[in-house]
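Visitor: Once you've had a glance at the structure underneath, I'll fire off some questions.
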Amino acid sequence: MKKKLYLALNKYKPIPPTLQGATKEKAKTVIDLDLAGLYHHFYLDTYGTQPPFPDPAQFEHMRFLMPDDEFRFQGDGVGASTNAKRSKSSEMGQAFCRWFLHEHLGIKYFAHLDSLIDDLCENFQGFTVERAVPGDIPDYLCSDGAGSVVLAEAKGRYTSVGFNTEEFERWRNQFTRVRVLDAEGQAVRVKGHIVATRFATESKPKVQTKLYAEDPSTEGQEPISGDTAFRLSGRVIASHYGDALMKIDQPHLAFAIRRSRRLEQQSSIPVTIWQFAFADLNRYFVGGYYAKDTDEPLIDLKSMQIKHRSWDPFRLGVHSGTFVGIELSVFKHLVNVARGDRYLLDGLPEVDPIKDLYSGVSMLRDGSVIGPLSMFIPLYSERF
7 MKKKLYLALN
17 KYKPIPPTLQ
27 GATKEKAKTV
37 IDLDLAGLYH
47 HFYLDTYGTQ
57 PPFPDPAQFE
67 HMRFLMPDDE
77 FRFQGDGVGA
87 STNAKRSKSS
97 EMGQAFCRWF
107 LHEHLGIKYF
117 AHLDSLIDDL
127 CENFQGFTVE
137 RAVPGDIPDY
147 LCSDGAGSVV
157 LAEAKGRYTS
167 VGFNTEEFER
177 WRNQFTRVRV
187 LDAEGQAVRV
197 KGHIVATRFA
207 TESKPKVQTK
217 LYAEDPSTEG
227 QEPISGDTAF
237 RLSGRVIASH
247 YGDALMKIDQ
257 PHLAFAIRRS
267 RRLEQQSSIP
277 VTIWQFAFAD
287 LNRYFVGGYY
297 AKDTDEPLID
307 LKSMQIKHRS
317 WDPFRLGVHS
327 GTFVGIELSV
337 FKHLVNVARG
347 DRYLLDGLPE
357 VDPIKDLYSG
367 VSMLRDGSVI
377 GPLSMFIPLY
387 SERF
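Here the sequence shown stands for residues 7 to 390, numbered as in our numbering.
In structure tokens form, the structure reads like this:
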């Protein structure tokens with residue numbers, strides 16, 4: 007399902023191709039917002055290892071949206087109090103930020119910056135990420151997977167947003183509080199993005215949900231490049247896949263990737279291989295499903311025959327579950343990295359995600375996928 011999202015850009019030269027309007031110099035003022043993709047980012051960013059509820063394949067806040075083409079919340083927004091509204095809008099703002107950078111600016115991988123600041127892990131040979139002065143810092147350090155990195159700050163709110171406000175200037179100042187140093191200890195400039203989203207509500211019909219994006223940068227003499235950018239990009243990707251692997255119940259592999267540790271050869275990794283439940287989509291994944299309100303398995307696989315189980319054949323919704331997975335070639339690459347057979351950025355697979363298959367299915371360019379259990383079938387078990 008898609009909604010209309012209004013757009014305002016500042017300091018983007020050139021304007022990203024997917025956001026260009028009538029000419030290359032003018033940006034679109036309205037773009038499509040894919041709710042499944044938005045929720046995918048919300049799920050990856052908000053939930054840890056705890057299974058989500060309700061079904062993450064269905065946008066969690068869908069029940070609070072108006073049945074319109076535009077993205078608009080019922081009443082005066084989500085949350086019973088000011089603090090609750092602030093918390094929910096902040097979470098949504100981060101999802102909008104990730105979705106926008108992924109869909110329109112080529113960003114594939116996201117790491118929370120606060121987890122990387124002053125991290126002395128072995129991945130940080132050749133560069134340093136540090137806090138320059140006290141105060142708030144940007145939310146994310148991101149990578150396109152090709153060896154480049156950017157910073158990103160996400161905001162979500164119901165009040166007005168504008169590029170010429172004191173508030174926006176405070177957000178810009180967050181980029182001055184973090185420094186990236188190369189191997190010689192010299193500060194390098196890192197491109198950044200501020201993505202602030204104002205949410206429209208039923209109580210204010212003249213307000214439209216609008217995304218404001220700008221690209222400031224950190225302080226430094228030269229733009230980040232070469233070995234510094236390459237190594238920092240690898241650190242972001244390691245953090246990103248560490249989080250993704252935790253969601254498919256692979257804690258040891260996640261730790262090995264995140265901390266550059268080598269798994270013992272005798273440590274096996276049992277997984278189940280899945281594919282789309284459509285004959286013309288030959289895409290394979292490693293993962294499993296989350297289910298609610300049942301302690302019984304929803305699927306049996308015996309003699310290569312799939313059997314959906316139900317103790318109450320008359321009850322609807324018993325088989326509701328959500329598949330969460332990672333594309334098979336990406337998973338194999340991560341295993342090889344953990345075994346010490348190759349480097350993380352050496353041959354990291356390029357994934358061409360399937361688009362517009364179904365409104366509740368989302369696949370991202372990092373190879374992660376979520377969707378209703380009925381859209382996926384298990385093939386066989388394997389150990390790596």
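Every residue, glycine too, gets a C-beta built ideally from N, C-alpha and C.
Remember, it's a predicted structure, so these values are computed and weren't measured experimentally.
In its own chain, which residues sit with a C-beta less than 6 Å from the C-beta of residue 21, not counting the 5 before and 5 after it?
Guide: Residue numbering aside, residue 21 sits at position 15 when the sequence shown is read from its first letter. Around residue 21, the same chain offers 33 as residues with beta carbons nearer than 6 Å, after the five sequence neighbours per side are excluded.
Visitor: What whole-angstrom Cβ distance do residue 17 and residue 220 have, given they're in contact under 8 Å?
Guide: Within the sequence shown, numbered from 1, the residue matching residue 17 stands at position 11. Within the sequence shown, numbered from 1, the residue matching residue 220 stands at position 214. About 5 Å; that satisfies the 8 Å criterion.
Visitor: Does DSSP classify residue 9 as helix, strand or coil?
Guide: Your numbering for residue 9 matches position 3 in the sequence shown. The three-state reading of DSSP puts residue 9 in strand, counting E and B together.
Visitor: Pick out whichever of 108, 350, 260, 289 has its Cα sitting closest to the Cα of residue 156.
Guide: To locate residue 156, count along the sequence shown from 1; it is residue 150. Closest option to residue 156, Cα to Cα, is 108.
Visitor: Distance check for residue 243 and residue 128, CA to CA, integer angstroms please.
Guide: Within the sequence shown, residue 128 is the residue found at index 122, counting from 1. Within the sequence shown, residue 243 is the residue found at index 237, counting from 1. In this prediction, residue 128 has a pLDDT of 47, which is less than 50 and means its spatial position is unreliable; nothing more can be read from the coordinates.
Visitor: Under a three-way DSSP split, which group does residue 129 fall into?
Guide: In the sequence shown, residue 129 corresponds to position 123, counting from 1. Bear in mind that the predicted position of residue 129 carries a pLDDT of just 45, short of 50, making it too unreliable to give a figure here.
Visitor: Short of 6 Å in beta carbon distance, which residues of its chain neighbour residue 274, apart from the five on each side in sequence? Order them along the chain.
Guide: Here residue 274 refers to the residue found at position 268 when the sequence shown is read from its first residue. Result list for residue 274: 389, in chain order.
Visitor: Pairs of beta-carbons, one from the segment 132-150 and one from the segment 99-107, closer than 8 Å: are there three or more?
Guide: yes
Visitor: Taking Cβ positions, are residue 259 and residue 341 nearer each other than 9 Å?
Guide: Working through the sequence shown from its first residue, we reach residue 259 at position 253. Working through the sequence shown from its first residue, we reach residue 341 at position 335. Yes, the Cβ-Cβ distance between residue 259 and residue 341 is below 9 Å.
Visitor: May I have the straight-line CA-CA distance separating residue 459 from residue 217, to the nearest angstrom?
Guide: This structure cannot speak to residue 459, because the chain is shown only from 7 to 390.
Visitor: Should residue 204 be labelled buried (16 or more other beta-carbon atoms within 10 Å of its own) or exposed?
Guide: For the purposes of this step, residue 204 is taken as the residue at position 198 of the sequence shown. Buried, by the Cβ-count rule.
Visitor: For residue 375 and residue 45, what's the separation of their Cα atoms in angstroms?
Guide: Here residue 375 is taken as the residue at index 369 of the sequence shown, counted from 1. Here residue 45 is taken as the residue at index 39 of the sequence shown, counted from 1. Answer to the nearest angstrom: the Cα atoms are 11 Å apart.
Visitor: What distance in whole Å lies between the Cβ atoms of residue 283 and residue 381, which are believed to be in contact at a cut-off of 8 Å?
Guide: For the purposes of this step, residue 381 is taken as the residue at position 375 of the sequence shown. For the purposes of this step, residue 283 is taken as the residue at position 277 of the sequence shown. Correct: roughly 6 Å between the Cβ atoms.
Visitor: Can you tell me which of the three DSSP states residue 174 falls into?
Guide: As a working mapping, residue 174 is identified with position 168 in the sequence shown. The answer is helix: DSSP assigns residue 174 an H, G or I state.
Visitor: So, at 7 Å on beta carbons, what are the nonlocal neighbours of residue 158 in its own chain, with the 5 sequence-adjacent residues on each side left out?
Guide: Residue 158 sits at position 152 when you count from the first residue of the sequence shown. These residues qualify, in order along the chain: 103, 107, 144, 145, 146, 148, 198, 199, 201.
Visitor: Cα separation between residue 173 and residue 163?
Guide: Working through the sequence shown from its first residue, we reach residue 173 at position 167. Working through the sequence shown from its first residue, we reach residue 163 at position 157. Each residue's Cα considered, the two are about 12 Å apart.
Visitor: Three-state secondary structure (DSSP) at residue 369?
Guide: Numbered from 1 along the sequence shown, position 363 holds the residue referred to as residue 369. Looking at residue 369 - three-state DSSP - the assignment turns out to be strand.
Visitor: Tell me, to the nearest whole angstrom, how far the beta carbon of residue 207 is from that of residue 348; I am working on the premise that it is less than 8 Å.
Guide: To locate residue 207, count along the sequence shown from 1; it is residue 201. To locate residue 348, count along the sequence shown from 1; it is residue 342. About 50 Å separates the two Cβ atoms, so there is no contact after all.
Visitor: Counting only runs that start and end within the segment 34-107, where is the beta strand (DSSP E) found for 3 or more residues in a row?
Guide: 36-40
Visitor: Taking buried to mean at least 16 other C-beta atoms within 10 Å of its own C-beta, is residue 28 buried or exposed?
Guide: Within the sequence shown, the letter at position 22 stands for residue 28. It is exposed - the Cβ of residue 28 has fewer than 16 other Cβ atoms within 10 Å.
Visitor: Taking 9 Å as the threshold (C-beta atoms), are residue 268 and residue 346 in contact?
Guide: Position 340 of the sequence shown, counting from 1, holds the residue named residue 346. Position 262 of the sequence shown, counting from 1, holds the residue named residue 268. Yes, they are a contact pair.
Visitor: Could you tell me which uninterrupted beta strand (DSSP E) segments, each at least 3 residues in length, are contained entirely in the segment 320-389, listed from first to last along the chain?
Guide: Runs of beta strand (DSSP E) with 3 or more residues, each lying fully within the segment 320-389, are found at 327-333, 374-378, 382-389, listed in chain order.
Visitor: Within 10 angstroms of its Cβ, does residue 73 collect 16 or more other Cβ (buried), or is it exposed?
Guide: Counting from one through the sequence shown, the residue named residue 73 turns up at place 67. By the neighbour-count rule (16 or more Cβ atoms within 10 Å), residue 73 is not buried but exposed.
Visitor: Under three-state DSSP, which class holds residue 204?
Guide: By one-based count along the sequence shown, residue 204 stands at place 198. Residue state, collapsed to three classes: strand.
Visitor: Locate the alpha helix (DSSP H) running through residue 235, then write down its first and last residues.
Guide: For the purposes of this step, residue 235 is taken as the residue at position 229 of the sequence shown. In the DSSP assignment, residue 235 falls within the unbroken alpha helix (DSSP H) covering 232-253.
Visitor: With the cut-off set at 9 Å, would you say residue 110 and residue 215 are in Cβ contact?
Guide: The residue given as residue 110 occupies position 104 in the sequence shown. The residue given as residue 215 occupies position 209 in the sequence shown. For residue 110 and residue 215, no; Cβs fall outside 9 Å.
Visitor: Would you tell me roughly how many angstroms separate the C-alpha atoms of residue 337 and residue 213, rounded to the nearest one?
Guide: By 1-based counting over the sequence shown, the position of residue 337 is 331. By 1-based counting over the sequence shown, the position of residue 213 is 207. The alpha-carbon atoms of residue 337 and residue 213 are separated by roughly 44 Å.
Visitor: If you draw a straight line from the alpha carbon of residue 15 to that of residue 305, how long is it in whole angstroms?
Guide: Within the sequence shown, residue 15 is the residue found at index 9, counting from 1. Within the sequence shown, residue 305 is the residue found at index 299, counting from 1. Looking at the two C-alpha atoms, the distance is approximately 47 Å.
Visitor: From the DSSP output, which residues share a beta bridge with residue 147?
Guide: Translated into the one-based positions of the sequence shown, residue 147 becomes position 141. Paired residue(s): 117, 157.
Visitor: Classify residue 176 as buried or exposed, calling it buried when 16 or more other Cβ atoms lie within 10 Å of its own Cβ.
Guide: As a position in the sequence shown, residue 176 is number 170, starting the count at 1. With fewer than 16 neighbouring CB atoms inside 10 Å of its own CB, residue 176 falls in the exposed class.
Visitor: Whose C-beta lies closer than 7 Å to the C-beta of residue 169 among residues of the same chain, with five residues either side of it excluded?
Guide: Within the sequence shown, residue 169 is the residue found at index 163, counting from 1. If you ignore the 5 residues before and after residue 169, its C-beta comes within less than 7 Å of the C-beta of 16, 218, 220, all in its own chain and listed in chain order.
Visitor: So, are the CB atoms of residue 153 and residue 96 less than 9 Å apart?
Guide: Your numbering for residue 153 matches position 147 in the sequence shown. Your numbering for residue 96 matches position 90 in the sequence shown. Their beta carbons are not under 9 Å apart, which means residue 153 does not touch residue 96 by this criterion.
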